[in-house]
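Per the numbering used here, the very first residue in the sequence shown carries number 1; after that it's consecutive.
No residue lacks a Cβ here, since even glycine has one placed at the ideal position from N, Cα and C.
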Amino acid sequence: PTASAGNECAMVAAPFSFFQDKRAHRARIELTYRLERLARQQDKVEHFLASLLIVVFVHAILWRQKVCRRLITGLVVGAFFGLAKEAADATGLWPWCPPCAADDDDMLADGMGLLAGLALLGMWHFC
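So, in structure tokens, the structure goes:
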């Protein structure tokens with residue numbers, strides 16, 4: 001009688017453990033999606049900041065040139081590096097980053113960083 005009572009308890013507990021496992025599985029999936037979204041947002045911030053810094057760095061290197069030439073050169077160099085990075089992602093040229101892929105949002109973040117760098121330097125020079 002005791003062995004069958006143990007089996008009945010196990011049979012009653014089994015469905016509840018199944019639902020708990022499903023809840024835990026859903027929670028793990030949701031956490032994974034949140035982490036992927038956070039990593040994606042961080043990547044866009046990195047693209048933005050890298051482009052902004054390229055414009056500022058090129059501007060600083062060419063300090064003896066006219067202001068317009070420094071701004072345009074910074075824009076061209078930043079755009080070149082942004083496009084080269086995305087082209088390398090699309091063709092898989094980065095050996096340390098096998099899952100890398102070209103992304104339109106990365107190019108948008110690069111462009112926003114370039115414009116922010118131009119605006120920042122333009123305000124510094126002309127305001």
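Thinking just about the alpha-carbon of each residue, which of the options is nearest to the one in residue i?
| i | options | result |
| --- | --- | --- |
| H59 | Q65, A84, R70 and K66 | R70 |
| D104 | L38, T73, G82 and I61 | G82 |
| L118 | I72, W96 and D106 | I72 |
Within its chain, find whatever has a CB closer than 8 Å to the CB of residue i; leave out the 5 residues flanking it on each side and keep chain order.
| i | result |
| --- | --- |
| F48 | A109, D110, M112, G113 and A116 |
| W94 | A88 and C100 |
| W63 | R70 |
Apart from the five residues just before and just after residue i, which ones in its own chain have a Cβ nearer than 6 Å to its Cβ?
| i | result |
| --- | --- |
| V67 | H125 |
Is the beta carbon of residue j closer than 7 Å to that of residue i?
| i | j | result |
| --- | --- | --- |
| E86 | A102 | yes |
| I54 | G78 | yes |
Rounding to the nearest angstrom, what Cα-Cα distance links residue i and residue j in this structure?
| i | j | result |
| --- | --- | --- |
| L52 | L121 | 10 Å |
| A88 | D43 | 16 Å |
| V76 | H25 | 48 Å |
Using the beta-carbon count (16 or more within 10 Å), is residue i buried or exposed?
| i | result |
| --- | --- |
| D21 | exposed |
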